[in-house]
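The numbers in full-length UniProt numbering rise by one with no breaks, and the one at position 35 of the sequence shown is 35. Ideal Cβ positions, reconstructed from N, Cα and C, are used throughout, including at glycine. All of these numbers come straight from a predicted model, not from anything done at the bench.
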Amino acid sequence: MNWHWKTIATVWILAIVGAVLTAILATPASAIGWIGLTLAVCTLVTLGLQIATGSKEGYVKRVTMSIAGSLVILVVATVIVALV
Numbered sequence: 001m002n003w004h005w006k007t008i009a010t011v012w013i014l015a016i017v018g019a020v021l022t023a024i025l026a027t028p029a030s031a032i033g034w035i036g037l038t039l040a041v042c043t044l045v046t047l048g049l050q051i052a053t054g055s056k057e058g059y060v061k062r063v064t065m066s067i068a069g070s071l072v073i074l075v076v077a078t079v080i081v082a083l084v
């Protein structure tokens with residue numbers, strides 16, 4: 001299961017990169033839309049990576065951890081963007 005953490009961390013890093021790019025490049029009015037798009041991309045990448053592993057054991061747990069982690073990262077980013 002150790003190598004499965006790499007796929008989870010990849011999605012979390014993607015969420016961080018998307019959040020930073022949104023904070024830097026998006027206007028305040030469009031930031032929430034871009035955050036939502038980032039979450040959608042993270043969800044699709046999660047499903048693709050977890051299916052690509054070919055491992056059935058722990059699939060739901062890995063998908064849940066990837067998406068929940070991305071959601072937490074993007075919620076924090078949304079709060080930061082809203083306050084700034």
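Problem - Delimiting residues of the alpha helix (DSSP H) encompassing V45 - result: A31 to T53
Handout entry: Exposure of T7, with buried meaning 16 or more beta-carbon neighbours within 10 Å
Key = buried
Practice task
Could you check if A40 is buried or exposed, using at least 16 other CB atoms within 10 Å of its CB as the buried criterion?
Solution key: exposed
Practice task
Mind the definition here: the segment 65–82 touches the segment 7–24 only if three or more C-beta pairs lie below 8 Å; say whether that holds.
Solution key: yes
Exercise for the section: For L49, count neighbouring C-beta atoms within 10 Å of its own C-beta (all shown protein chains included) and say buried if the count is 16 or more, exposed if not. Expected result: buried
Exercise for the section: Following the continuous alpha helix (DSSP H) through T27, name the residue where it begins and the one where it ends. Expected result: Note, T27: premise wrong, no alpha helix (DSSP H); not H, not E.
Handout entry: Test item: CB-CB of A31 and T22 under 9 Å
Key = yes
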